[in-house]
Structures are given as C-alpha cells and as structure tokens.
Amino acid sequence: MRFQFPRLTPTVKKLLIFLGVSFVTVAIVENVGGFPLFELGALNVGFMEGNAWMLAWQPFTYWMVWPPQPAALIGFAITLLMIYFFLSAFEESFGAKRTLQLTGVGVLAGAAGCLALGALLSVMGVSVQVFPPSGAGVVAAAAFGAFPVIFRGREILLFPLMIPLKAWTALAIGIGISALMAVLAKDPFVLAEQAAAIAAGVGFAKWITRPRTPSGASPKKKKRRSGPDLRVVRGGDDEPPRYLN
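Written as structure tokens, this is what we have:
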C-alpha cells in the first residue's frame, strides 16, 4: 500500500484560505486593536449564568475564530491539515454542495454538543472553568466521521501514523485521541464537541449514501384475480385432428 496525498479540491481550497484569513484577522484585531473579537465569536458554554443573548450568533461563528495566542498556531495547522486530507476526499466523492452541507452539519452538531453539556453541568451545579470552544476542529471531525462510510471496509494509511488501518479503526483511534486530549486539558467540552461532530459526519454520510428509489415510482403490485385461474393451452402437431360428422 502506497501513501498518496489527496487532490486539493476547489471548495476545500477556498475554505482553507478563509480559515487562514480569519486566524490572522482575529490575531491582529485582538492583539493590535484590542477589540475582543475572539470573546464575541467563541461559544459561550456558560450561557445559563449570563450573556445568553450572544448565542444568537455564536453557534455559527465559533468555528471561525481561534485563540489569539502563539500556542494556537500548532492546533490551527493540524486542523487545516486534517480538513485537507478528509474533506478533500469527501468532495471528490460527493461534490461541492454536499461538502458545504457536511461542514454546516458538523458546525451545528459541535455547538449543540457543547451547549447541551454546558446546560447539564449548570443544572447539576458543577462549575468548570474552560476555554470557550472555538476553531474549525468540528469541520475536520465531521469529515473524519464521514470517511469510514466513504471507504467502508477498505484499508487506509492514516497520516502521520503511516500504518495500514481499517477506516473504522482509524475513526476509533481519532475518538480515543480526542478523549485523551479532554482528560489532559481537563476540558470535557473538547470531547463533547468532537464526538458530536464525528457522529454528525457519520450520520450525514450514511444518509446521502442510502439506497434510493426514483421519485414518484412505487413498487408494482400484482393484480389478484377474483375468479379461477384459467388458461388456454394449444396442442402440438402430434395431436390427432378433430373432425365434424
């Protein structure tokens, strides 16, 4: 098995450029202009304690902003690499429209997972001080979730491990890494975000690859006869001729 880089598809290329511009913009506006753009765009998981009105836009913007810190640069680069690998393969199979739909599904699912966990912890009276969920990791996670559905039982070389793995095995490893990151960061929202986006990617890919019947077509039903089933059987040439006397 030989490793091969996927082709950079048009939609993924535009998405990567957009994310790069967004990363630089947030860094400049925050660190040079002093405007709290990251705080406004990132997801407020403590909405039950205040500022719930910010949820009017944050579930749609949190994936576009990144922490304006040097340490965020490594995570940003890894995320772009994962989007390139997995979302390009998805676009090759299903086109630009489905790629944008998968991106939207992953973003909304990640936000829903984080907000549901935040509401649950608030009801239980558990206070968790975490960094607001942000970044396009949910897009990479959704594309990663769709990957095994596309490749089914085939083996892949998962970068950077470079070991032949079944696609579903690679997905299980990815979920395990997300869980380990959540434990190390003491941030349960990391796992909630990634798990929700991966599940959404799997579900979306299964939905668009489901068997379909032509629209308006319905299976033909055999007509049932009310009377006896009578048939006329013609005889062969060897039958004796009939005569009228």
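First residue of the sequence shown: 551, per our numbering; consecutive thereafter.
Glycine included, C-beta positions come from ideal geometry on N, C-alpha and C.
Please state whether the Cβ-Cβ distance between Thr-561 and Thr-649 is less than 8 Å.
Taking the first residue of the sequence shown as position 1, residue 561 is located at position 11. Taking the first residue of the sequence shown as position 1, residue 649 is located at position 99. Yes. Within cutoff.
Can you tell me whether Leu-715 is helix, strand or coil according to DSSP?
Against the sequence shown, residue 715 aligns to sequence position 165. Strand at Leu-715.
Relative to the alpha-carbon of Ser-643, which residue among Gln-679, Ile-700, Val-657 and Pro-609 has its alpha-carbon at the smallest distance?
Start at 1 with the first residue of the sequence shown, and residue 643 comes out as number 93. It is Ile-700.
Measuring straight from C-alpha to C-alpha, what distance separates Val-657 and Pro-698?
Along the sequence shown, read from residue 1 onward, the residue named residue 657 stands at position 107. Along the sequence shown, read from residue 1 onward, the residue named residue 698 stands at position 148. So the two alpha carbons sit approximately 19 Å from each other.
Smallest Cα separation from Ala-661: which of Val-579, Gly-596, Leu-587 and Ile-727?
Position 111 of the sequence shown, counted from the first residue, corresponds to residue 661. Comparing alpha carbon positions, the residue from Val-579, Gly-596, Leu-587 and Ile-727 closest to Ala-661 is Gly-596.
Taking its Cβ as the centre, do 16 or more other Cβ atoms sit within 10 Å of Arg-557, making it buried, or is it exposed?
Position 7 of the sequence shown, counting from 1, holds the residue named residue 557. Per the 10 Å Cβ criterion, exposed.
Which value, in whole angstroms, describes the spacing of the CA atoms of Val-574 and Gly-724?
Within the sequence shown, residue 574 is the residue found at index 24, counting from 1. Within the sequence shown, residue 724 is the residue found at index 174, counting from 1. Between Val-574 and Gly-724, the C-alpha separation is close to 28 Å.
Alpha carbon to alpha carbon, what distance is there between Met-632 and Ala-720?
Taking the first residue of the sequence shown as position 1, residue 720 is located at position 170. Taking the first residue of the sequence shown as position 1, residue 632 is located at position 82. About 13 Å.
Could you spell out where the alpha helix (DSSP H) holding Ser-572 opens and where it closes?
Translated into the one-based positions of the sequence shown, residue 572 becomes position 22. Here the alpha helix (DSSP H) through Ser-572 covers 560-578.
If you measure between the beta carbons of Ala-732 and Leu-741, is that distance less than 8 Å?
Taking the first residue of the sequence shown as position 1, residue 732 is located at position 182. Taking the first residue of the sequence shown as position 1, residue 741 is located at position 191. Contact: yes.
Please name the residue in Phe-681, Trp-603, Phe-626 and Glu-589 whose C-alpha comes closest to that of Phe-867.
No information on residue 867 is available, as it lies outside the stretch 551 to 795 that the chain covers here.
Whose CA, out of Leu-605, Gln-608, Leu-593 and Phe-694, lies closest to the CA of Gly-540?
There is no way to answer for residue 540, as the model of the chain reaches only from 551 to 795.
Please report the distance separating the alpha-carbon of Leu-587 from that of Pro-761.
Taking the first residue of the sequence shown as 1, we reach residue 587 at position 37. Taking the first residue of the sequence shown as 1, we reach residue 761 at position 211. Rounded to whole angstroms, Leu-587 to Pro-761 spans 45 Å at the Cα level.
Sorted by chain position, which residues of the same chain lie with C-beta nearer than 6 Å to Leu-566's C-beta, five sequence neighbours on each side aside?
To locate residue 566, count along the sequence shown from 1; it is residue 16. Excluding residues within five positions, the ones whose Cβ falls inside 6 Å are Leu-630.
Per DSSP, what kind of secondary structure is Val-582 in: helix, strand or coil?
Indexing the sequence shown from 1 puts residue 582 at position 32. Three-state result, Val-582: helix.
Helix, strand or coil: how does DSSP classify Pro-609 here?
Sequence index remark: in the sequence shown, residue 609 carries index 59 (1-based). Helix, per DSSP.
State the DSSP-derived secondary structure class of Val-680, mapped to helix, strand or coil.
On the sequence shown, position 130 is the one that residue 680 refers to. In this structure, Val-680 counts as coil in the three-state DSSP scheme.
Expressed to the nearest angstrom, what Euclidean distance is found between the alpha-carbon atoms of Val-576 and Gly-668?
Mapped onto the sequence shown, residue 576 falls at position 26. Mapped onto the sequence shown, residue 668 falls at position 118. Between Val-576 and Gly-668, the C-alpha separation is close to 25 Å.
Given this structure, state the Cα-to-Cα distance separating Leu-605 from Asn-594, to the nearest angstrom.
In the sequence shown, counting from the first residue as 1, residue 605 sits at position 55. In the sequence shown, counting from the first residue as 1, residue 594 sits at position 44. Their backbone Cα atoms lie some 7 Å apart in a straight line.
Would you mind sorting Phe-585 into buried or exposed? The rule is 16 or more other CB atoms within 10 Å of its CB.
As a first step, residue 585 is located in the sequence shown; it is residue number 35 there, counting from the start. Around the C-beta of Phe-585, fewer than 16 other C-beta atoms lie within 10 Å, and the residue is accordingly described as exposed.
Is DSSP giving Thr-649 helix, strand or coil here?
Translated into positions along the sequence shown, residue 649 becomes position 99. DSSP, read as helix, strand or coil, puts Thr-649 in helix.
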